[in-house]
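Q: In our numbering, the protein residues as written are 6 to 442.
All C-beta atoms in this analysis are idealised placements derived from N, C-alpha and C, irrespective of residue type, glycine included.
Model, not experiment: these values are computed from the prediction.
I am attaching a structure below and will ask some questions about it afterwards.
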Ligand code: FAD
Ligand code: NAD
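See the structure below:
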């Protein structure tokens, strides 16, 4: 006797979207979530709260630093940090409530508790009060997401040494903050606090900020973060440890010349990536072994090696992005319903919501060189645009990489105002194999 057609474990962007799509296709769906609210990392402690604080802090910074240039004088500008935090919490509450309503509207059974696979087609849900609910379904979708990683020798105490979750809910704006890792989380959170007056030092191991993005775009962002927000971002710095003192932290690193560097701060954000979350999930009960880096192995259709078990989102690796998890959730639901969807990983855009934003889709120059693809590069600068000058937003670059012979667009990389909005156009163009012309 089955209880459902599909049991989805984890209600982040991967899981809740898979549940909705499966329900829309006529399947009986259960969604299991260990936390009290739905929406996973993204809605509760990730994308949405960080974007709420990015938007609020940018408005504060503009009022203090940019309005005057437009002939707008602001007297008595003050930061109301508790209100900024409260607004963030209201945004999170609204979107997570929205997901709960979507589940109700689509007749998805939501079970709050920890889901554990106990054998082929069987999941047990342990509620906080210890109640166990058995579920049976021919299809199980693992969408358990990820958790913050740390470095050897760096213990996250959540007080002075913290991951993004705590850094997005600080009781007050710190005077000095050290950020380990110049990736998306590091630079977004550094931007929030720098705009509010915190003195920030970022230590990045590789020789560029945002190492997975286009180098010219990263360099442009680095320049603006230094000039406008006074962020001291040091690349080629390998953090080796963090010392907690009576008053704060000292972050120890080795620079390019292998010399010891010590950075003092009130607190330190560890933003060195995230790791897949599979603890207590019972994968072994169906014979699934996680790979060397902890990811659940899947084939191109997102099937795990166990029959009837699928996996999506951060827990399977690739780009750890909400829209990638959503797309995979839809694809798995459609496959379970007998359809043949296809995801082209080349067309998943990435955006870092600093100001200016950095957005990209497709290959970088480095990847094309590595793959032996011949290409040409078109560059354009925001400062050459009258529209950009009218807005007082002249920092930024747009780069289009196209195949030398066919002229097909292979990659689009943008640092600039509203890059996030622009990159969608590039995705559409590339989906239709547009040429650069
Ligand atoms: P998750 O969102 O991690 O959800 C997994 C869910 O599964 C969680 O709710 C967890 O409680 C639950 N779970 C785990 N194990 C069990 C179990 N055994 N039983 C029941 N439930 C379980 N991405 C973007 O695209 N854009 C952004 O702007 C962006 N900003 C981010 C900012 C921050 C600070 C962070 C941390 C991440 C950000 N991301 C962003 C990444 C994005 O949050 C993730 O890629 C996305 O949440 C992955 O979705 P998921 O469904 O795979 O997993
Ligand atoms: P990340 O992988 O983007 O960046 C981590 C950075 O830490 C890298 O640049 C890495 O070189 C550096 N690093 C590693 N070890 C180091 C050391 N010893 N010393 C100094 N630097 C070191 O990871 P993240 O910023 O933690 O983000 C986690 C995930 O969440 C990413 O996959 C990211 O895509 C996603 N995310 C996305 C967004 C967005 O889409 N806007 C925002 C936040 C997070």
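Identify every residue that forms a DSSP beta bridge with residue 144.
A: Taking the first residue of the chain shown as position 1, residue 144 is located at position 139. Per DSSP, 11.
Q: Around the C-beta of residue 437, are 16 or more other C-beta atoms found within 10 angstroms, so that it is buried, or is it exposed?
A: Residue mapping note: residue 437 aligns to position 432 of the chain shown, counting from 1. Classification for residue 437: exposed.
Q: Helix, strand or coil: how does DSSP classify residue 393 here?
A: Here the question's residue 393 lines up with position 388 in the chain shown. Residue 393 falls in the helix class under three-state DSSP.
Q: When the Cα atoms are used, what is the spatial distance from residue 85 to residue 91?
A: Stepping through the chain shown from its first residue, residue 85 is reached at position 80. Stepping through the chain shown from its first residue, residue 91 is reached at position 86. The straight-line gap from Cα to Cα measures roughly 10 Å.
Q: Can you tell me whether DSSP reads residue 242 as helix, strand or coil?
A: The sequence position of residue 242 within the chain shown is 237, counting from 1. Coil.
Q: So who's on the other strand from residue 182, going by DSSP bridges?
A: Translated into the one-based positions of the chain shown, residue 182 becomes position 177. The partner list for residue 182 (beta bridge, DSSP) reads 205 and 272.
Q: What does residue 418 pair with, by DSSP beta-bridge criteria?
A: The residue you call residue 418 lines up with position 413 of the chain shown. Partner(s): 365 and 404.
Q: Answer yes or no: do residue 49 and residue 97 have a C-beta to C-beta separation smaller than 8 Å?
A: Against the chain shown, residue 49 aligns to sequence position 44. Against the chain shown, residue 97 aligns to sequence position 92. Taking 8 Å as the Cβ cut-off, residue 49 and residue 97 qualify as a contacting pair.
Q: My output table needs one value for residue 120: the three-state DSSP class, helix, strand or coil.
A: One-based indexing of the chain shown puts residue 120 at position 115. The answer is strand: DSSP assigns residue 120 an E or B state.
Q: In the stretch 273 to 317, which residue ranges form an unbroken beta strand (DSSP E) of at least 3 residues, counting only runs that do not cross its ends?
A: Here the runs fully enclosed are 279 to 281 and 314 to 316.
Q: Around the Cβ of residue 341, are there at least 16 other Cβ atoms within 10 angstroms (buried) or fewer (exposed)?
A: Your numbering for residue 341 matches position 336 in the chain shown. Residue 341 is buried by the Cβ-count criterion.
Q: In whole angstroms, what separates the C-alpha of residue 353 from that of residue 76?
A: Stepping through the chain shown from its first residue, residue 353 is reached at position 348. Stepping through the chain shown from its first residue, residue 76 is reached at position 71. If I take the Cα positions, the gap works out to 40 Å.
Q: Would you say residue 1 touches the ligand FAD, meaning its beta carbon is less than 7 Å from a heavy atom?
A: This structure gives no information on residue 1, because the portion of the chain shown stretches from 6 to 442.
Q: Runs of 3 residues minimum, wholly inside the stretch 32 to 79: which ones carry the beta strand (DSSP E) assignment?
A: The stretch 32 to 79 contains these whole beta strand (DSSP E) runs: 34 to 38.
Q: Along the beta strand (DSSP E) that carries residue 328, what are the first and last residues, could you check?
A: Within the chain shown, residue 328 is the residue found at index 323, counting from 1. From DSSP, residue 328 is part of no beta strand (DSSP E) but of the alpha helix (DSSP H) over 327 to 341.
Q: Would you say residue 149 and residue 36 are within 8 Å of each other, going by their C-beta atoms?
A: The sequence position of residue 149 within the chain shown is 144, counting from 1. The sequence position of residue 36 within the chain shown is 31, counting from 1. Their beta carbons are not under 8 Å apart, which means residue 149 does not touch residue 36 by this criterion.
Q: Three-state secondary structure (DSSP) at residue 137?
A: Mapped onto the chain shown, residue 137 falls at position 132. Three-state result, residue 137: strand.
Q: Anyone know if the C-beta pair for residue 301 and residue 147 falls short of 8 Å?
A: The sequence position of residue 301 within the chain shown is 296, counting from 1. The sequence position of residue 147 within the chain shown is 142, counting from 1. Yes, they are a contact pair.
Q: Excluding the 5 residues flanking residue 243 on each side, which residues of the same chain have their C-beta closer than 7 Å to its C-beta?
A: By 1-based counting over the chain shown, the position of residue 243 is 238. Counting only Cβ-Cβ distances below 7 Å, and skipping sequence neighbours, we find 210, 258 and 259.
Q: Would you say the beta carbon of residue 243 is closer than 7 Å to some non-hydrogen atom of the ligand NAD?
A: As a first step, residue 243 is located in the chain shown; it is residue number 238 there, counting from the start. Within the cutoff, so yes.
Q: Cα separation between residue 290 and residue 310?
A: The residue given as residue 290 occupies position 285 in the chain shown. The residue given as residue 310 occupies position 305 in the chain shown. Near 12 Å, if we compare the C-alpha coordinates of residue 310 and residue 290.
Q: Where does the unbroken alpha helix (DSSP H) through residue 227 begin, and where does it stop?
A: Against the chain shown, residue 227 aligns to sequence position 222. 220 to 234 is the extent of the alpha helix (DSSP H) around residue 227.
Q: Spell out a yes or no on whether the stretch 180 to 195 and the stretch 329 to 339 are touching, meaning 3 or more CB-CB pairs, one atom from each, closer than 8 Å.
A: No: the two stretches stay apart, fewer than three of their Cβ pairs being nearer than 8 Å.
Q: Thinking C-alpha only, which one of 412, 370, 128 and 70 is nearest residue 13?
A: Stepping through the chain shown from its first residue, residue 13 is reached at position 8. It is 128.
Q: For residue 425, name the three-state secondary structure that DSSP assigns.
A: The residue you call residue 425 lines up with position 420 of the chain shown. Helix at residue 425.
Q: Hey, would you say residue 52 sits closer than 8 Å to residue 338, going by beta carbons?
A: Stepping through the chain shown from its first residue, residue 52 is reached at position 47. Stepping through the chain shown from its first residue, residue 338 is reached at position 333. Taking 8 Å as the Cβ cut-off, residue 52 and residue 338 do not qualify as a contacting pair.
Q: To the nearest angstrom, report how far apart residue 65 and residue 172 are at their CA atoms.
A: Counting from one through the chain shown, the residue named residue 65 turns up at place 60. Counting from one through the chain shown, the residue named residue 172 turns up at place 167. Spanning the two alpha carbons is a distance of roughly 19 Å.
Q: Sorry if obvious, but does the Cβ on residue 139 come closer than 7 Å to a heavy atom of the ligand NAD?
A: Position 134 of the chain shown, counting from 1, holds the residue named residue 139. Every heavy atom of the ligand NAD is 7 Å or more from the Cβ of residue 139, so no.
Q: Below 8 Å on the Cβ atoms is my contact criterion, and I expect residue 214 with residue 238 to pass it. Report the Cβ-Cβ distance as a whole number of Å.
A: Locating residue 214 in the chain shown gives position 209, counting from the first residue. Locating residue 238 in the chain shown gives position 233, counting from the first residue. Sure, about 6 Å apart at Cβ, within 8 Å.
Q: Can you find a heavy atom of the ligand NAD that lies under 7 Å from the Cβ of residue 316?
A: As a first step, residue 316 is located in the chain shown; it is residue number 311 there, counting from the start. Checking the Cβ of residue 316 against the ligand NAD gives no.
Q: Have a look at residue 364 and residue 138 and give me their C-alpha separation to the nearest angstrom.
A: Residue numbering aside, residue 364 sits at position 359 when the chain shown is read from its first letter. Residue numbering aside, residue 138 sits at position 133 when the chain shown is read from its first letter. Using only the alpha carbons, I get a separation of about 44 Å.
Q: Tell me which same chain residues have a C-beta within less than 6 Å of the C-beta of residue 82, skipping the five on either side of it?
A: Along the chain shown, read from residue 1 onward, the residue named residue 82 stands at position 77. If we look at residue 82 and ignore the five residues flanking it on each side, its Cβ neighbours are 68 and 69.
Q: Assuming residue 16 and residue 38 form a contact by the criterion Cβ under 8 Å, report the distance between their Cβ atoms to the nearest whole angstrom.
A: On the chain shown, position 11 is the one that residue 16 refers to. On the chain shown, position 33 is the one that residue 38 refers to. Right, the Cβ-Cβ distance comes to about 4 Å (below 8 Å), so this counts as a contact.
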